[in-house]
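>
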Amino acid sequence: MDLIAEAIKGTGDVLPGNAYKWHYIEKTVSDVAALFGFREIRTPVFEKTELFERSVGDTTDVVQKEMYTFNDKGGRSITLRPEGTAGAVRSILEHGLFNEALPVKAYYITSCYRYEKPQAGRLREFHQFGVECIGAAAPTADAEIIMLGDMVLKRLGIKNISLEINSIGCPQCRAKYTAALKEYFAASKDKLCETCLSRLDRNPMRILDCKSPICREIAEGAPKILDYICDECNDHFNQVKAHLNAAGVKFTVNPRIVRGLDYYTKTVFEFISNDIGSQGAVCAGGRYDGLAEELGGPHLPSLGFGMGLERILMVMEKQGCPFPEEKKIDLYIAPMGGAAASEAVKICSLAREEGFAALTDVAGRGLKAQMKYADKIGAKFTLVLGENELNSKSARLKNMQSGEQIDVELPDGVISAIYDETIKNTFADLESSLENLKI
RNA sequence: GUGGGUAUAGCUUAGUUGGUUAAAGCGCCAGUUUGUGGCACUGGAGACCGUCGGUUCGAAUCCGACUAUCCACCCCA
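Residue 310 in my numbering is what sits at position 124 of the first sequence, and the numbering runs on without skipping anything.
1. In terms of residues, what are the limits of the alpha helix (DSSP H) holding residue 214?
2. From which residue to which residue does the beta strand (DSSP E) around residue 593 run?
3. Evaluate residue 459 with the Cβ neighbour count: other Cβ atoms within 10 Å of its Cβ, from every protein chain shown; 16 or more gives buried, anything less gives exposed.
4. Which complete beta strand (DSSP E) runs does the stretch 516-600 hold, if anything under 3 residues is left out?
5. Distance check for residue 225 and residue 602, CA to CA, integer angstroms please.
6. Where does the unbroken alpha helix (DSSP H) through residue 368 begin, and where does it stop?
7. May I have a chain-ordered list of the alpha helix (DSSP H) segments no shorter than 4 residues that lie completely inside the stretch 404-436?
8. Among the candidates 563, 585, 558 and 547, whose CA atom is the shortest distance from the CA of residue 571?
9. On the DSSP letters alone, give me the boundaries of the alpha helix (DSSP H) that residue 297 sits inside.
10. So which of 536, 192, 241 and 297 has the shortest CA-CA distance to residue 311?
11. Can you say whether residue 256 is buried or exposed, counting buried as having 16 or more other CB atoms within 10 angstroms of its CB?
12. Tell me whether the beta-carbon of residue 245 lies closer than 7 Å to the beta-carbon of residue 388.
13. Any idea what DSSP makes of residue 267, helix, strand or coil?
14. Considering residue 453, what are the terminal residues of the beta strand (DSSP E) in which it resides?
15. Identify, in the order they occur along the chain, each residue of the same chain with its Cβ nearer than 8 Å to the Cβ of residue 386, setting aside the five sequence neighbours on each side.
16. By the three-class DSSP mapping on this structure, what secondary structure does residue 237 have?
17. Less than 8 Å between the CB atoms is what I'm expecting for residue 493 and residue 335, so what's the real figure, rounded?
18. Using only the alpha-carbon positions, how far apart do residue 203 and residue 209 sit?
19. To the nearest angstrom, report how far apart residue 511 and residue 532 are at their CA atoms.
20. Taking the beta carbon of residue 427 as the centre, do at least 16 other beta carbons fall within 10 Å, making it buried, or is it exposed?
21. Which residue comes first and which comes last in the alpha helix (DSSP H) that contains residue 384?
22. Does the Cβ-Cβ distance between residue 502 and residue 444 come in under 7 Å?
23. Let me know the secondary structure DSSP gives residue 489 once reduced to three states.
24. Tell me the rounded alpha-carbon separation between residue 578 and residue 498.
25. Kindly give me the distance between the Cβ atoms of residue 537 and residue 513, rounded to whole angstroms, as I take these residues to be in contact under 8 Å.
26. Report whether the distance from the Cβ of residue 381 to the nearest heavy atom of the ligand FMN is below 6 Å.
27. Could you tell me the alpha carbon to alpha carbon distance between residue 599 and residue 526, rounded to whole angstroms?
28. What is the rounded straight-line gap between the Cα of residue 586 and the Cα of residue 567?
29. Looking at C-alpha atoms only, which residue of 488, 569 and 346 is the closest neighbour of residue 291?
30. Can you tell me whether residue 475 is buried or exposed? The criterion is at least 16 other CB atoms within 10 Å of its CB, across all chains shown.
31. Which residue or residues does DSSP assign as beta-bridge partners of residue 467?
32. What residue range does the beta strand (DSSP E) around residue 349 cover?
33. Take residue 575 and list the residues in its own chain whose beta-carbon comes closer than 6 Å to its own, dropping the five residues that flank it on each side.
34. With distances taken from CA atoms, which of 279, 446, 207 and 515 is nearest residue 699?
35. Measuring only the C-alpha atoms, how far is residue 307 from residue 455?
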């Protein structure tokens, strides 16, 4: 393949044969969101670059090297959203939604864009289900958000997911902690890897995350955040854990979890799968109490998470999770000859108005080929229409699964109701419903 | 941005130490009883062997570059 028939690096297509899986995931996710009182919000794919610099943080990798940023014709710096939180919060602030009953609970299913090197579970365009709960300071909110994520995963039938949580404190206690970290790591400055050396000044917490064996070893003895967080943060974290325990949500505390976006405070968490390679974080989020103010709004303690839909799909396929079957064609009409073709078109049209998926020949195929086609597309019933049928005004309706056939009358060559699949699935039931055919 | 693997039909692959018309299965199309699918059989279409360049009498096969893709690091969902 060459020329223009190729997708952009790091992007993928959802093909017709797979779309039903996405529909299922999207439906499940929004159903669960609704159970928790979240309503959908839709925001633009692009925002002012500044919005992401301010919220995500201008020292983060995402902002520094992964954003799709460009100037529009008016000279404005525009960026394709690299994540969903910033836009959602911006919109909520802009429209003053925080003046209504708090918390504001919004969810979204959108595409995000990051200029990264593609890999298993990592794309340049990917899709996220995200929830944002704005104006909820209590630890019950943290537990609730985590339970929402947990419920989505369970409903989708996903197994073997571990939940890891941590608290990274508030700006005050975190400042003390990073100072302590700096001091600790500075002592072994000459042993740290290159990247960690540069992290030392900017964001020493990231060193805890380093995979290099030497840094890891040094990090073992590093001060723990949980020893530094203030009483209030500690109390908050303890209550979150208590609520999760009470709700029966299993988790482990992982002091190494450090979110890469600057807006996080206090509780952070990740749902991790080991089934899809190294990019196993399937859902991650936390609290961001300072974000609304950072964007010029009032103080609104908030939190949320993002769930990577491609990753979710990968896990489901890997684990063989069941997807509800795709809706198949109800009726296929195989006409023979021009007059019959015209009748078939008419009958299809009427059947569709009754809510049945009905098809007829559009490829000029012979009868046998049409039957094969009907079989391939999974048609539940077929109706052969030839001269005999047109003359006798009756035809045989065939159940493609059982092979049974039944005579149907066609006085005016028209069937207005084929069958009601929700009530009458069997051929026997069909018989009675066919008595009511208006013809 | 750094590393490693891979690139042959729509899909999954074979292709022996370089040798002439590049194979197979699946899928697709058409036939095998005159008006009925699934099974079986027969036939057909479909590949400039990722691109460009090099070595050679001769390259899908060897070398180089590029591109794409996969995996890992980094980072993140």
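From the three backbone atoms N, C-alpha and C, an ideal C-beta is built for every residue, glycine too.
The short version:
1. 205-221
2. 591-595
3. buried
4. 517-521, 544-546, 567-571, 580-585 and 591-595
5. A caution first: residue 602 carries a pLDDT of 41, below 50, which makes its placement in the model unreliable, though a value can still be read off. Distance between the alpha carbons of residue 602 and residue 225 is about 39 Å.
6. 357-373
7. 417-433
8. 547
9. It is not in any alpha helix (DSSP H) - residue 297 instead sits in the beta strand (DSSP E) that spans 290-299.
10. 297
11. exposed
12. yes
13. coil
14. 451-459
15. 368, 371, 372, 375, 378 and 393
16. helix
17. 7 Å
18. 12 Å
19. 29 Å
20. buried
21. 380-388
22. no
23. strand
24. 55 Å
25. Not quite, the Cβ-Cβ distance comes to about 15 Å (not below 8 Å), so this is no contact.
26. This structure lacks the ligand FMN; in fact it carries no ligand of any kind.
27. In this prediction, residue 599 scores a pLDDT of 42, lower than 50, which makes its location untrustworthy; the coordinate-derived value is nonetheless stated afterwards. Whole-angstrom Cα-Cα distance: 9 Å.
28. 6 Å
29. 488
30. buried
31. 458
32. 347-353
33. 581
34. An answer regarding residue 699 cannot be provided, because it is not within the stretch 187 to 625 covered by the chain.
35. 19 Å
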